[in-house]
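For reference, the structure discussed in these notes is given below.
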Amino acid sequence: MDWLKQLNPAQLEAVTATDRAVLVIAGAGTGKTRTLASRVAWLIGQGTPADRILLLTFTRRAAAEMLARAAAIAGAEAARVWGGTFHAIANRLLRHHGRAVGLSPDFTVMDQSDAADLMNLIRGELGHGKAKSQKRFPRKNTLFDIYSRTVNSRTRLSQVLARFFPWCADSIEGIREIFETYARRKAGQSVLDYDDLLLYWKALSAAPEVGELLAARFDHVLVDEYQDTNLIQAEILAAMRRGGRNVMAVGDDAQSIYSFRSATVRNILDFPAQFEGTRVVKLEQNYRSVQPILDAANAVMDQAGERFTKNLFSNRPSEQRPVLVASRDEAEQCTEVCDRVLEKHEEGVPLKQQAVLFRAGHHSDQLEVELARRNIPFVKYGGLKFVEAAHVKDMIALLRVLENPHDQISWYRVLLLLEGIGPATAGRIMAALGVRTGAGAGQGRTPERGGDSPTTEEATGAASALGLGELLDGRSPLAAMLESPPTVPPAARKEFAALRELIADCRGGGLGPAAQVERVRRFYEPVFARIYDNPAVRLRDLDQLETIAAGYRSRSQFITDLTLDPPASTQDLAGAPLLDEDYLILSTIHSAKGCEWDVVHILHAADGMIPSDMATGSPEEIDEERRLLYVAMTRPRNALYIHFPLRYYHSGSRLGDVHSYAQLSRFLAPLGKGLLERQRSKAVREEREEDGSEGAGSAAGSGRSVQEMLSDLWSG
DNA sequence: GGCATGTGTATTTTT
DNA sequence: TACACATGCC
């Protein structure tokens, strides 16, 4: 057990604890991954069979990394640990035991945008949002957000609306109707959204026999990033721990940044109350950053409310405080970042060991242009994902229709691809094919309609009147496609015929996933060429899809993995850097969670950006924004630069060039000179030298730079 | 009547 | 960039 000696006392305590419930409060950079990996290895060493350990993580990457590290200690056995996200594990369990909760094992999973699209489809069918009926009926993404929040926090719709979406409160009846239809339809079609995966897992764990079976399936349950779990996940954890099971949760309440996904800090704060006899272990020794970085980060957190107080400390002293860099505007901020990145690169820090972090995806837009101009290669995390590209979604929809012929939203997407087919014709075709809408069972109400396009329900009614309903009932829409295809508009005939051929070729199951992707692609490419302006760039994604598919034995698993664990985009504007090439990391703060780099630049440390002015409505939101900054500040090992443009330009005013002066982020403003070194951008410094005007007063006297004056105001 | 096409607008964070 | 909405075309 030599490796145990490498752990510090707190880590060792966590790794070898035998209490039935352990909560590890792991500050940033305190060796959390190592602790969890060691814990897994230790449990295996103590004789726990690896496949009786369940390790729940936030991303699959995290699970893979921990298990790899556990394997380095405990050997290959560690690979048999059940590791993955809540969603991925739910999927795995439900494929086996789903029948117990009325779930067909060949369900398909839709991602958030599919869910929003389905919501939108229903919204249209029910006639909401049709121009005159109501002025401001929530749009699809808002609808989805409301739904998800309601479900995940198990709060009444009326309360969710009142609290988070007051402007939608008047539309509550319509919203309720849409949600009911949405839920019914998913169930009828064997389609699950992300939330359903958790809900069904929870239902499974509460089911009479399977529930006990499930809880008895594992001896130890370990959860990483517990601060970012939601109520349902906490309930699942409680259910999985029935009987003699042991549970360990690891997390840092100071890094809880996913409340918009219904995560709640309460889970981690209340863990000791929920699990009687919990041993709480705090990890406070930071192995990542130099002390001045921690001092500044700690100071930011000191302003926060309820939390497990901890004080990060490091054995790595440094003379250099984090640097607050004031630039005149965003353009100069870009220059400044590029200059400093190259400077560090000259000093021997590879680009890959440097990261630029920001609050929102588009905050790096200008910087990306500047980087491209200067030929500095970069990769952006958390940007547009591979599977979010329209053409990739099209391909997946085609595969999903083959997998689950009742997956309506996929049918809809597929049919709209065809020339001459729009929403109305698509609805008619789906009805004729017998794609389930969930209303067919008879419990569905007749929808009110304000619009003028035929609804799917109505069309289904028409089909039954013709006797088609009975004829098709119980038969797969795929069979209907081949044996009794509906008539389509003349313009659509050619592509529709091609679609039928595709279905005929792929239906049997004679083709493996990669071969099917290839076949689907043969159908798709002509359509693709018609729809998109620059097919060449997008074509590479299709290649990649085929490559990924080659690694799978079953189509079902391939499709599910793509939705539950989407590969990051590789086709970035700057061109995909080769894997062995060096490149700078650009990332949203959210996506930077758990990562570390030698040098970190934080962009836009201005009020309105951090905290985002989208999130300053309540004290809770502001607290979360603070934690976000804290997460960003605790990423670097050696050097932290925080950038602050003094003014922002706003377009779209008839007066032309309008700008406003920014305020330094309210979280940083109270930090004194002892914690942050304040610098001006190089451009400002050079100007001053040319002037020969050192010192605050004379700059104001020159009358040239209002920004400089301001800069002096706050830096003095 | 329904589809394709063009224009204006708003855009946080993501399993 | 993607979406909602308005307008012209089959």
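Under my numbering, the first residue of the first sequence is numbered 2, with each subsequent residue one higher. Ideal placement from N, C-alpha and C gives every residue a C-beta, glycine not left out.
Here Ala633 is near Ile603, since their CB atoms are less than 9 Å apart. Bounds of any beta strand (DSSP E) do not take in Tyr533, whose DSSP letter is neither H nor E.
Partner residues in the beta bridge of Pro646, as assigned by DSSP, are Ser328.
The alpha-carbon separation between Leu325 and Gln355 amounts to approximately 17 Å. The region 348–385 is shown to contain whole alpha helix (DSSP H) runs of 4 or more residues at 366–374, in chain order. With respect to the 9 Å criterion, Ser172 and Phe145 are not classified as neighbours on the basis of their beta carbons. Counting along the chain, the unbroken beta strand (DSSP E) around Ser588 starts and ends at Leu585 to Thr589. For Gly103, the three-state secondary structure derived from DSSP is coil. Take the alpha-carbon of Tyr584 and the one of Arg360: they are about 21 Å apart.
Taking 9 Å as the cut-off, the Cβ atoms of Ser365 and Lys381 count as close. Collapsing the DSSP output to three states places Ile90 in a helix. Scanning the region 259–297 for uninterrupted alpha helix (DSSP H) segments of 4 residues or longer gives 267–270 and 272–275, listed from N- to C-terminal end.
Within the same chain, Cβ atoms closer than 7 Å to the Cβ of Ala606 are found at Ile643, His644, Phe645, Leu665, Ser666 and Leu669, the five residues on either side in sequence being excluded. A straight-line Cα-Cα distance of about 27 Å links Leu543 and Arg93.
For Gly189, the enclosing alpha helix (DSSP H) has its first and last residue at Ile173 to Gln190. With fewer than 16 neighbouring CB atoms inside 10 Å of its own CB, His97 falls in the exposed class. A straight-line Cα-Cα distance of about 21 Å links Glu178 and Ala425.
DSSP, reduced to helix, strand and coil, places Met111 outside both helices and strands of the structure shown, so it counts as coil. At least 9 Å separates the beta-carbon of Asn153 from that of Ser257. Residues Gly189, Gln190 and His407 of the same chain have their beta carbon placed closer than 7 Å to that of Arg437, with the five preceding and five following residues left out of the count.
Taking each of Asn287, Ala116, Arg62 and Glu210 in turn and checking the Cα distance to Lys33, the smallest one comes out for Asn287. By the neighbour-count criterion, in which a residue is buried when 16 or more other Cβ atoms sit within 10 angstroms of its Cβ, Arg329 is buried. Under the criterion of beta carbons closer than 8 Å, Val41 and Leu56 qualify as touching, at roughly 6 Å.
Ranked by how close their Cα comes to the Cα of Ala433, the residues Tyr413, Ala481 and Val521 have Ala481 in first place.
When the five nearest sequence neighbours on each side are left out, the beta carbons in the same chain lying within less than 6 Å of the beta carbon of Arg522 are those of Leu543, in order along the chain. For Ala80, the CB contacts under 7 Å within the same chain, skipping 5 residues up- and downstream, are Leu68 and Ala72 in chain order. Cβ-Cβ separation between Ala89 and Asp566: approximately 6 Å, consistent with a contact (criterion under 8 Å). DSSP places Met249 in the uninterrupted beta strand (DSSP E) bounded by Asn247 to Gly252. In this chain, the beta strand (DSSP E) harbouring Asp599 covers Trp598 to Ile603. Per DSSP, the continuous alpha helix (DSSP H) segment holding Val415 begins and ends at Gln409 to Leu418. In the assembly as shown, Trp202 is a buried residue. Its beta-carbon has 16 or more other beta-carbons within 10 Å. The region 2–89 is shown to contain whole beta strand (DSSP E) runs of 3 or more residues at 22–27, 54–58 and 83–86, in chain order.
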